[in-house]
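Visitor: Here it is: the structure, laid out below.
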């Protein structure tokens with residue numbers, strides 16, 4: 012009998028995850044029945060809540076606020092230990108003293124997106140109308156919905172204009188949506204490894220992930236929480252697929268090549284003979300410890316629906332007409348999920364709208380994930396862009 | 012409640028598939044206990060059988076035989092209606108009267124690979140020692156094992172030297188393995204969209220597919236056939252993942268873009284809103300009608316293990332030292348599964364061995380699948396290569 016090894020059943024922190032979805036380890040803004048979130052699908056969501064973290068202090072002029080928009084499976088825990096995983100914040104390289112986003116200079120906000128599972132209302136939250144989890148009763152949300160909720164949070168915080176919005180991947184989509192929807196509230200934007208619409212290939216990968224989740228009988232038609240199950244196998248497979256797209260072929264080759272795992276010869280089995288196999292299995296099984304399966308369905312769907320130009324008769328430049336926002340677009344040479352061609356399309360549209368746009372394509376073999384990694388050239392560009400925008404905004408210089 | 016649509020349960024031809032695995036609708040070569048197949052894992056497989064199709068006639072000199080090696084999920088039904096699907100043969104564009112591989116001139120052979128599920132011995136076959144299906148008791152096989160079995164078939168057919176071996180993808184791997192293992196038995200080789208080793212990214216995609224299959228509870232640890240189940244959901248997801256890699260981003264964009272399926276507005280659901288979603292679901296559900304899940308595990312594993320250079324101290328050129336075989340290597344510009352860089356590595360190694368090698372990179376946006384599609388430039392190259400090799404071999408010219 013040939014040996015078989017598959018994704019291990021995780022020691023899922025089911026209770027901790029459920030608790031975090033309703034009672035996040037972060038700040039919370041509650042919006043009552045009189046303050047509904049108008050969703051693109053036509054539904055008014057109320058009440059709802061937004062979980063968020065802040066770093067630094069808002070200055071007297073209220074001019075130093077930076078909103079970080081997080082990517083698909085990340086959250087508001089940008090620069091602090093994660094309440095579920097105990098790991099460092101996902102953007103400690105970018106946010107911190109002496110880092111490009113220095114809390115000593117800026118008031119930095121990051122909110123869990125609507126539809127997420129870390130404290131903002133989503134399918135993993137309790138629906139107050141029923142006392143049960145939302146699950147698939149939660150309405151399908153979009154990137155514009157996420158941004159609309161963030162705008163309501165800023166109103167609540169008394170912030171009219173953001174100094175900058177920074178986001179990569181799905182976070183970059185939100186940053187671009189902010190620019191199109193609320194140009195006067197956004198002084199500058201740093202949009203990284205993203206696009207204004209999801210490509211057919213990207214939709215295909217997301218659909219693959221969703222089908223993997225839905226194929227897991229433990230998903231129970233989305234009602235797993237009522238059955239005490241969790242579709243960890245399906246969600247693990249979805250994560251493996253996504254993870255491949257976050258890395259480049261070259262990065263995988265450099266990291267793993269065809270190297271074997273703790274052995275020199277093949278086992279002639281279905282064990283994880285190759286290092287890349289164990290790595291992927293680890294990515295799959297660690298993800299399910301911290302993320303809700305339904306939330307993954309909703310957020311991938313939101314990205315798939317995203318298409319800024321579609322709301323402007325297919326002309327992207329129209330979405331940005333007349334904006335004064337300073338935009339810096341960054342792409343990475345080996346990112347095949349959001350390749351440089353997508354970044355160029357954004358830049359062309361912004362140029363056609365006479366916006367102030369700069370663009371940098373950074374040479375790296377690290378793929379889409381480069382925006383989360385220690386890529387000094389990226390930090391230099393972020394720093395320079397913020398410095399220049401800060402001067403125009405009348406913010407004190409670094410060290411000043 | 013948000014609408015959900017997932018891969019439908021197929022009307023699996025379980026019985027037809029099971030019958031085909033033991034009693035193929037094609038020719039059959041049986042090898043008894045005294046003629047074992049020596050496998051790389053150290054096991055001698057006996058008895059075993061090879062299912063194959065032939066087209067055309069072997070000439071008196073036995074010099075016009077062409078072996079086609081099939082890709083991962085294909086089979087011996089190259090140019091005839093498929094016994095399970097009722098569809099045309101998978102390479103009717105290449106094989107037929109007036110086509111590059113013309114049965115009027117050549118004796119064309121294609122054998123189902125060892126480990127396959129269309130009549131050659133594999134996990135879906137009955138193990139004569141137990142009277143039950145092999146399942147995971149089947150030994151893990153390799154590309155060299157497949158080739159060794161084909162060599163035994165040629166011995167049986169009384170063919171010492173092949174005029175040509177033609178193969179794309181996993182078929183190209185076999186063609187290259189033939190060249191390295193039996194150079195004197197191979198007059199010429201047309202190796203298309205392939206490589207001499209599977210890359211880390213390709214292993215990653217295969218591992219993803221295997222995990223999808225193994226995550227399906229209906230897989231039953233590989234023993235689904237004994238439980239009357241079939242892991243169609245897991246295998247469907249695996250197929251979706253693989254299918255994305257067979258197409259290019261450009262091809263997906265051209266075929267589907269962000270076009271909606273039978274509608275103009277999003278449904279705000281998990282229905283297949285986008286055409287690319289329905290297409291992938293169709294690919295997933297039609298595949299499970301014709302393919303065995305365990306066989307998919309074994310064949311992907313064989314591709315992952317493949318690394319010709321590894322058997323020659325890491326020096327690929329050593330594998331081809333002194334060969335007289337004429338080799339034509341073909342790649343497609345938009346193939347990201349077996350990119351042109353892999354083809355160049357083959358060509359460099361062959362040049363270093365003073366082999367007769369020609370190389371063509373064909374411009375197309377159709378991705379890896381291009382080798383199966385109607386790409387006239389590819390057919391022209393195949394025709395010219397065979398013509399030239401045929402002259403050297405003393406075969407009559409076309410129309411002669």
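Residue numbers (this note's numbering), protein chains in the order written: chain C, 12 to 411; chain G, 12 to 411. A virtual CB, placed ideally from N, CA and C, is assigned to each residue, including glycine. These numbers were taken from a predicted model, which means no experiment stands behind them.
Could you tell me whether the Cβ of residue 244(C) comes closer than 8 Å to any Cβ of chain A?
Guide: Any reference to chain A falls outside this structure, whose protein chains are C and G.
Visitor: Output the boundary residues of the beta strand (DSSP E) element that contains residue 60(G).
Guide: Working through the second chain from its first residue, we reach residue 60(G) at position 49. Start and end: 59–66.
Visitor: Give the interface partners of residue 210(C) over in chain G, defined as CB-CB distance under 9 Å, in chain order.
Guide: Residue numbering aside, residue 210(C) sits at position 199 when the first chain is read from its first letter. Result: 260, 263, 264, 268 and 269.
Visitor: Based on Cα-Cα distance, which residue from 273(G), 181(G) and 196(G) lies nearest to residue 205(G)?
Guide: Here residue 205(G) refers to the residue found at position 194 when the second chain is read from its first residue. Residue 181(G) is the option with its Cα nearest to residue 205(G).
Visitor: Of the residues that make up the region 274–289 of chain G, which ones have a beta carbon closer than 9 Å to any beta carbon in chain C?
Guide: From the region 274–289 of chain G, only 277, 278, 279, 280, 281, 283, 284, 285, 286, 287 and 288 have a Cβ closer than 9 Å to chain C.
Visitor: If we cut at 8 Å on Cβ distances, does residue 257(G) have a partner in chain C?
Guide: Here residue 257(G) refers to the residue found at position 246 when the second chain is read from its first residue. Chain C, which has no Cβ nearer than 8 Å to the Cβ of residue 257(G), makes this no.
Visitor: Pick from 254(C), 324(C), 329(C) and 258(C): whose alpha carbon is nearest that of residue 293(C)?
Guide: In the first chain, the residue the question calls residue 293(C) occupies position 282. Comparing Cα positions, the closest option is 254(C).
Visitor: Relative to chain C, which residues along the region 308–332 of chain G have a C-beta separation below 9 Å, given in chain order?
Guide: 308, 309, 312, 315, 316, 318 and 321
Visitor: For a quick check, are the C-beta atoms of residue 4(G) and residue 210(G) less than 8 Å apart?
Guide: This structure gives no information on residue 4(G), because the portion of chain G shown stretches from 12 to 411.
Visitor: Determine, using beta carbons only, whether residue 248(G) and residue 222(C) come nearer to each other than 8 Å.
Guide: Counting from one through the second chain, the residue named residue 248(G) turns up at place 237. Counting from one through the first chain, the residue named residue 222(C) turns up at place 211. In this structure, residue 222(C) lies closer than 8 Å to residue 248(G) by Cβ.
Visitor: Express the C-alpha separation of residue 281(G) and residue 304(C) in angstroms, rounding to a whole number.
Guide: As a position in the first chain, residue 304(C) is number 293, starting the count at 1. As a position in the second chain, residue 281(G) is number 270, starting the count at 1. One C-alpha to the other measures close to 14 Å.
Visitor: According to the neighbour-count rule (16 or more other Cβ atoms, all chains shown, within 10 Å of its Cβ), is residue 171(C) buried or exposed?
Guide: Here residue 171(C) corresponds to residue number 160 of the first chain, with the count starting at 1. Result: exposed.
Visitor: Counting only beta-carbon atoms, is residue 404(G) nearer than 8 Å to chain C?
Guide: Position 393 of the second chain holds residue 404(G). It does not: the Cβ of residue 404(G) has no partner Cβ on chain C nearer than 8 Å.
Visitor: Would you say residue 221(G) lies against chain C (beta-carbon separation less than 8 Å)?
Guide: Locating residue 221(G) in the second chain gives position 210, where the first residue counts as 1. Interface residue, yes.
Visitor: At a Cβ threshold of 8 Å, is residue 157(C) touching chain G?
Guide: For the purposes of this step, residue 157(C) is taken as the residue at position 146 of the first chain. Output row for residue 157(C): interface = no.
Visitor: Is residue 411(C) helix, strand or coil when you go by DSSP?
Guide: Numbered from 1 along the first chain, position 400 holds the residue referred to as residue 411(C). Residue placement at residue 411(C) cannot be trusted, given a pLDDT of 46 that sits under 50; what the coordinates show is reported in the next sentence. Collapsing the DSSP output to three states places residue 411(C) in coil.
Visitor: Should the region 48–63 of chain G be called in touch with the region 145–154 of chain G, which here means at least 3 C-beta pairs below 8 Å?
Guide: The region 48–63 of chain G vs the region 145–154 of chain G: in contact.
Visitor: Are the CB atoms of residue 421(G) and residue 77(G) nearer to each other than 8 Å?
Guide: Residue 421(G) lies beyond the stretch modelled for chain G, which goes from 12 to 411, so this question has no answer here.
Visitor: Within the 8 Å Cβ cut-off, does residue 448(G) reach chain C?
Guide: The question about residue 448(G) has no answer here: the residues shown for chain G are numbered 12 through 411.
Visitor: Taking the alpha carbon of residue 192(C) as the reference point, which residue from 62(C), 320(C) and 86(C) has its own alpha carbon closest?
Guide: Position 181 of the first chain, counted from the first residue, corresponds to residue 192(C). Per the Cα distances, 320(C).
Visitor: Reducing DSSP to helix, strand and coil, say where residue 398(C) ends up.
Guide: Translated into positions along the first chain, residue 398(C) becomes position 387. Three-state result, residue 398(C): helix.
Visitor: Interface residues of chain C around residue 201(G) at Cβ under 8 Å?
Guide: Counting from one through the second chain, the residue named residue 201(G) turns up at place 190. Near residue 201(G) there are no residues of chain C at all, since even the closest Cβ is about 25 Å away, more than 8 Å.
Visitor: Here's the rule I'm using: 16 or more other beta-carbon atoms within 10 Å means buried, otherwise exposed. How should residue 195(G) be labelled?
Guide: Here the question's residue 195(G) lines up with position 184 in the second chain. So residue 195(G) counts as exposed.
Visitor: Let me make sure I understand the geometry here. Which of 120(C), 366(C), 287(C) and 312(C) has the alpha-carbon closest to that of residue 329(C)?
Guide: For the purposes of this step, residue 329(C) is taken as residue 318 along the first chain, with counting starting at 1. Measuring from the Cα of residue 329(C), the nearest candidate turns out to be 366(C).
Visitor: Using a Cβ-Cβ distance under 8 Å, would residue 384(C) count as near chain G?
Guide: Your numbering for residue 384(C) matches position 373 in the first chain. So no, residue 384(C) is outside the interface.
Visitor: Roughly how many whole angstroms lie between the Cα atoms of residue 396(G) and residue 310(G)?
Guide: Here residue 396(G) corresponds to residue number 385 of the second chain, with the count starting at 1. Here residue 310(G) corresponds to residue number 299 of the second chain, with the count starting at 1. One C-alpha to the other measures close to 29 Å.
Visitor: Enumerated in chain order, which unbroken segments of the alpha helix (DSSP H) with a length of 4 residues or greater are wholly contained in the region 329–385 of chain C?
Guide: Contiguous alpha helix (DSSP H) elements confined to the region 329–385 of chain C occur at 351–363, taking only those with 4 or more residues.
Visitor: Within 10 angstroms of its Cβ, does residue 414(C) collect 16 or more other Cβ (buried), or is it exposed?
Guide: Look at the range of chain C in this structure, 12 to 411, and you will see that residue 414(C) is not part of it.
Visitor: Of all Cβ atoms in chain G, is any one closer than 8 Å to the Cβ of residue 251(C)?
Guide: Position 240 of the first chain, counting from 1, holds the residue named residue 251(C). Interface residue (Cβ-Cβ distance to chain G less than 8 Å): residue 251(C) is classified as such.
Visitor: For residue 385(G), which residues of its own chain have a beta-carbon under 6 Å away from its beta-carbon, when the five flanking residues on both sides are left out?
Guide: The count along the second chain starts at 1 and reaches residue 385(G) at position 374. If we look at residue 385(G) and ignore the five residues flanking it on each side, its Cβ neighbours are 104.
Visitor: Got a sec, what are the start and stop residues for the alpha helix (DSSP H) residue 192(C) sits in?
Guide: Residue 192(C) sits at position 181 when you count from the first residue of the first chain. Taken as a continuous stretch (DSSP letters only), the alpha helix (DSSP H) holding residue 192(C) covers 181–192.
Visitor: Tell me where the alpha helix (DSSP H) around residue 210(G) begins and ends.
Guide: As a first step, residue 210(G) is located in the second chain; it is residue number 199 there, counting from the start. Neither: residue 210(G) is in no alpha helix (DSSP H) and is coded neither H nor E.
Visitor: Output needed for residue 119(G): all residues of its chain with C-beta closer than 7 Å, excluding positions within five of it in sequence on either side, in chain order.
Guide: By one-based count along the second chain, residue 119(G) stands at place 108. Cβ neighbours of residue 119(G) beyond the five flanking positions: 65, 66, 67, 77, 79, 106 and 112.
Visitor: At a CB-CB cut-off below 7 Å, which residues of chain G make contact with residue 214(C)?
Guide: Numbered from 1 along the first chain, position 203 holds the residue referred to as residue 214(C). Those within 7 Å of residue 214(C) in chain G are 285, 287 and 288.
Visitor: Can you name, in chain order, every residue of its own chain whose Cβ lies under 7 Å from the Cβ of residue 131(G), other than the five neighbours on each side?
Guide: By 1-based counting over the second chain, the position of residue 131(G) is 120. If we look at residue 131(G) and ignore the five residues flanking it on each side, its Cβ neighbours are 60, 61, 62, 122, 123, 124 and 125.
Visitor: Hey, how far is the Cα of residue 178(G) from the Cα of residue 186(G)?
Guide: Along the second chain, one-based indexing puts residue 178(G) at 167. Along the second chain, one-based indexing puts residue 186(G) at 175. Going from the Cα of residue 178(G) to the Cα of residue 186(G) covers about 6 Å.
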